[in-house]
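Encoded as structure tokens, the structure appears first; notes follow it.
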Amino acid sequence: MFKDRIEAGDKLSDELVSFKDSKDTVVLGITRGGVIVADRISKRLNLPLDIIVVKKIGAPFNPELAIGAVGPGKSVYWEERFLEELNIPGDYKKQMLAIKRREARKLEKYLLGKRKALPVKNKTVILVDDGVATGATVLGALSYLRAQNAKEVILAAPVIAKDTYDKIVKYFDSIVAIYVPFELNAVGQFYQKFTQVENEEVKDIIRKTKL
-14 MFKDRIEAGD KLSDELVSFK DSKDTVVLGI TRGGVIVADR ISKRLNLPLD IIVVKKIGAP
46 FNPELAIGAV GPGKSVYWEE RFLEELNIPG DYKKQMLAIK RREARKLEKY LLGKRKALPV
106 KNKTVILVDD GVATGATVLG ALSYLRAQNA KEVILAAPVI AKDTYDKIVK YFDSIVAIYV
166 PFELNAVGQF YQKFTQVENE EVKDIIRKTK L
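Position 194, counted from 1, in the sequence shown is what the working numbering calls 179; the numbers after and before it change by one each time, with no gaps.
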């Protein structure tokens, strides 16, 4: 169990120490909790930090079940298994895609202001989240990074559910995780302190960071 997201970032940094001071590597934190972990990795490894806004698309009548995710630009990921099992209507997909894209753009503009995102083309990207349950969010981010021609994408997360790890490992160039449990009811169960991260906290990190 981790004390908090900062300790989780420290432990991941120890596993990623080979990237310290690398000139062609960037750390990308998924908003919002992933940014706290990513900020710690960035500082300890002396790597540039940026954020990526990804919005989950929830299932009808069960918004906590992610059937997809929207990343920057036109990137989108759909969990085909859930779409088929739940018989998700095309109109619902179209409607939610539009809503979540608007939400993502609004949040991105608020957090970054006039700052431009760090270029990831031909870069090694360490994609960071504070935990991975279903994988929809990280795969949504990955679809964007592949479209931007990142050289390689390394997923770094303190905890990843075992079944999810087995499902997504083939999509990433490598995955670094501290815990890969067979049962993961909630990411927060692996933290002593897992408070909600507010937008202002993320904005403050970005304000103090050279993107």
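Each residue gets a CB set at the ideal place from its N, CA and C atoms; glycine is no exception.
Since we're looking at a predicted model, the values are computed, not measured.
Counterpart residues of residue i in DSSP-defined beta bridges
| i | result |
| --- | --- |
| I145 | V117 |
| L140 | L112, I160 |
| L34 | V12 |
| I42 | G53 |
| Y62 | A54 |
Alpha-carbon to alpha-carbon, residue j and residue i
| i | j | result |
| --- | --- | --- |
| V55 | Q133 | 15 Å |
| N31 | V2 | 10 Å |
| D148 | P166 | 9 Å |
| G14 | I36 | 5 Å |
| F67 | I52 | 6 Å |
| A89 | P57 | 8 Å |
| A118 | K8 | 31 Å |
| D6 | Q174 | 33 Å |
| L103 | G125 | 18 Å |
| R86 | V123 | 16 Å |
| A171 | I145 | 10 Å |
| N107 | P74 | 38 Å |
| F157 | I163 | 17 Å |
| L127 | V113 | 11 Å |
Neighbour-count burial assignment, residue i, 16 or more Cβ in a 10 Å radius
| i | result |
| --- | --- |
| F4 | buried |
| Y176 | buried |
| V154 | exposed |
| Y62 | buried |
| I84 | exposed |
| P45 | exposed |
| S159 | exposed |
| T10 | buried |
Nearest residue (CA-CA) to residue i, options the options
| i | options | result |
| --- | --- | --- |
| L130 | K99, V105, I145, K152 | V105 |
| I111 | R87, R100, L140 | L140 |
| P48 | Y77, I21, R29 | Y77 |
| K198 | V20, N72, I160, G125 | As displayed, the chain neither begins before -14 nor continues past 196, which places residue 198 out of reach and without an answer. |
| L82 | L34, K152, S60, E69 | S60 |
| E168 | Y150, Y156, T180 | Y150 |
| Q80 | T109, K101, G43 | G43 |
| A135 | T109, P143, A142 | T109 |
| I191 | L71, E70, L97, Q181 | L97 |
| E183 | E69, Y95, P143 | Y95 |
| M(-14) | Q181, P143, E186 | P143 |
Cβ neighbours of residue i in the same chain (closer than 7 Å, five flanking residues each side left out)
| i | result |
| --- | --- |
| K178 | K(-12), D(-11) |
| R25 | I(-9), G(-6), D(-5), S(-2) |
| A121 | K41, A51, G53, A54, Y62, E64 |
6 Å CB neighbourhood of residue i in its chain, flanking five on each side removed
| i | result |
| --- | --- |
| D115 | R(-10), G18, G19, V22 |
| V38 | T16, A89, L92, E93 |
| S27 | V12, L34 |
| E0 | V161 |
Beta-carbon proximity list for residue i, same chain, < 8 Å, skipping 5 on both sides
| i | result |
| --- | --- |
| K152 | G120 |
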